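Position 20 (the sequence shown) corresponds to 34 in the working numbering; numbering is contiguous.
Using N, Cα and C, we set each Cβ at its ideal position, and we do this for glycine too.
All of these numbers come straight from a predicted model, not from anything done at the bench.
Take a look at the structure set out below.
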Amino acid sequence: MALLLNPLMDPASTIWQSETFQLFGKRTPVPRRLAWFGDEGVNYRYTRLNHLASGWPEYLLALKVQICERFDLEFNFVLLNRYDHGGQYMGWHRDDEKAAAPVIASLSIGDTRRFCYRQDPDVKAEEINLTSGSLLVFDGRCQHKLAKTAKLVGPRINLTFRYIAQASR
Ligand SMILES: O=C(O)CCC(=O)C(=O)O
Numbered sequence: 015m016a017l018l019l020n021p022l023m024d025p026a027s028t029i030w031q032s033e034t035f036q037l038f039g040k041r042t043p044v045p046r047r048l049a050w051f052g053d054e055g056v057n058y059r060y061t062r063l064n065h066l067a068s069g070w071p072e073y074l075l076a077l078k079v080q081i082c083e084r085f086d087l088e089f090n091f092v093l094l095n096r097y098d099h100g101g102q103y104m105g106w107h108r109d110d111e112k113a114a115a116p117v118i119a120s121l122s123i124g125d126t127r128r129f130c131y132r133q134d135p136d137v138k139a140e141e142i143n144l145t146s147g148s149l150l151v152f153d154g155r156c157q158h159k160l161a162k163t164a165k166l167v168g169p170r171i172n173l174t175f176r177y178i179a180q181a182s183r
């Protein structure tokens with residue numbers, strides 16, 4: 015874990031961003047921090063925000079290549095979410111943007127957190143504890159969330175490898 019976690023936290027290669035999104039006319043802080051990498055020029059746009067990639071750090075490119083080969087999938091972008099404590103989370107959402115391919119490979123590093131997944135709000139959610147080093151491949155069009163917890167938990171970084179189609183290519 016330390017091997018991967020340290021380069022990810024290295025400010026030279028990873029600049030953690032704090033974002034806000036618009037909710038009921040108010041700007042609300044996103045309860046976690048983010049970073050992203052990907053093929054030059056690939057833009058993952060969601061919640062009306064652009065996430066434009068300008069290449070891969072070497073260690074992440076090697077990881078991406080391994081994951082693509084293992085699952086016979088193509089990815090050109092990775093979104094990193096960093097949760098410093100249990101009060102940081104991601105609410106129910108779907109990653110169903112038109113440009114984004116549905117299959118996502120999600121790698122967890124750091125403290126264990128609970129991931130919930132359901133087809134629709136009226137269907138009982140599946141829950142899974144994502145431990146450090148686990149790799150979950152899932153359909154981003156289904157609703158999912160990273161639950162908040164009152165337990166004392168340390169930092170966790172989640173890397174979601176994605177394929178984003180580029181209109182201009
Ligand atoms: O941190 C996680 O495991 C959840 C990430 C997630 O839901 C997403 O990136 O869409």
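Collapsed DSSP secondary structure at residue i in the structure displayed
i: Lys78; result: helix
i: Tyr60; result: strand
i: Arg183; result: Only weak support exists for where Arg183 lies, its pLDDT of 46 falling under 50; the value from the coordinates is given anyway. Note: Arg183 maps to coil in three-state DSSP.
i: Arg155; result: coil
i: Arg170; result: strand
i: Phe91; result: strand
i: Arg46; result: coil
i: Phe51; result: strand
i: Phe38; result: coil
i: Lys165; result: coil
i: Trp30; result: coil
Rounded Cβ spacing between residue i and residue j (contact assumed at less than 8 Å)
i: Arg41; j: Trp30; result: Not confirmed; about 19 Å, so no contact.
i: Tyr73; j: Ala161; result: Not confirmed; about 29 Å, so no contact.
i: Arg170; j: Asp125; result: 5 Å
i: Lys165; j: Cys130; result: 16 Å between Cβ atoms; not a contact.
i: Ser27; j: Pro43; result: Contact doesn't hold; Cβ gap of about 24 Å is too wide.
i: Trp106; j: Gln36; result: Going by Cβ atoms, the distance from Trp106 to Gln36 rounds to 18 Å, so no, they are not a contact pair.
Beta-carbon spacing of residue i, residue j below 8 Å
i: Thr174; j: Ile123; result: no
i: Phe89; j: Arg176; result: yes
i: Ile178; j: Phe91; result: yes
i: Thr188; j: Gly100; result: Since the first residue of the chain shown is 15 and the last is 183, residue 188 is not available in this structure.
i: Ala76; j: Phe51; result: no
i: Ala139; j: Arg132; result: yes
i: Gly154; j: Ala114; result: yes
i: Arg62; j: Glu111; result: no
i: Ser87; j: Ser120; result: Just to set this straight, residue 87 is Leu in the shown sequence, not Ser. Not in contact: Leu87 and Ser120 (Cβ atoms no closer than 8 Å).
Cutoff 8 Å: residue i Cβ touching any chain C Cβ
i: Asn64; result: Any reference to chain C falls outside this structure, which holds one protein chain only.
Residue i: CB within 7 Å of a non-hydrogen atom of ligand 2
i: Asp109; result: By its list of ligands, the structure shown excludes ligand 2, since it contains just ligand 1.
Could you tell me which uninterrupted beta strand (DSSP E) segments, each at least 3 residues in length, are contained entirely in the region 98-160, listed from first to last along the chain?
104-107, 117-124, 127-132, 140-144, 149-153, 157-160
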